[in-house]
Every structure is written in C-alpha cells, then in structure tokens.
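Worksheet: the structure to be examined is printed underneath.
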Amino acid sequence: MSKGEFLSREMARTRDAVYGTMAWIEERVTPDVYEKMLAVCEQSVRFGVMKAITNSERFRDGIEEELDD
Numbered sequence: 013m014s015k016g017e018f019l020s021r022e023m024a025r026t027r028d029a030v031y032g033t034m035a036w037i038e039e040r041v042t043p044d045v046y047e048k049m050l051a052v053c054e055q056s057v058r059f060g061v062m063k064a065i066t067n068s069e070r071f072r073d074g075i076e077e078e079l080d081d
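Our numbering numbers the first residue of the sequence shown as 13 and each following residue consecutively.
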C-alpha cells in the first residue's frame, strides 16, 4: 500500500469516526449543545490544517537552511 493510499484510508476512517461520534452525541444533547460541539469540531479541523501547514513550512525551511550551509 502506498503512502497516498494509506493516508486516504486513514482520512476516511477518521472522518467516519467523527461523523459517527457526532451522530451519537446529537441524539443525547440539546440542539444548542450540539451546535457548540459542531463549532468546536470545525475549529479543531481548521487548527489542525494550520498547524500542519506551519510544521511543513518549518520543516521545509530547516532543509533549506541545511542546504545553504
């Protein structure tokens, strides 16, 4: 299995786990609590993307610094 296939499969599993958990929560809490939970999930995804981009930039910059030496 290639890295791309592995990543794709893991992303699908994670997505399914999040959606399944949110569906389970939705049945057990009031609509206002669910909306707040949904907002937290959405912001967590945004934070994760920004962190991944930042880490990627740091990694790239580190390699460039090593090549410049």
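C-beta: ideal position from N, C-alpha, C; glycine also. None of these values were measured; they are calculated from a predicted model.
Between I37 and M49 a beta carbon distance of about 6 Å is seen, short of the 8 Å cut, so the two are scored as contacting. Judged by DSSP secondary structure, S20 falls within the alpha helix (DSSP H) whose first and last residues are 15–38. A35 and S68 have their C-alpha atoms roughly 33 Å apart. Short of 8 Å from the beta carbon of V41, and not among the five residues preceding or following it, lie these beta carbons of its own chain, in chain order: M49.
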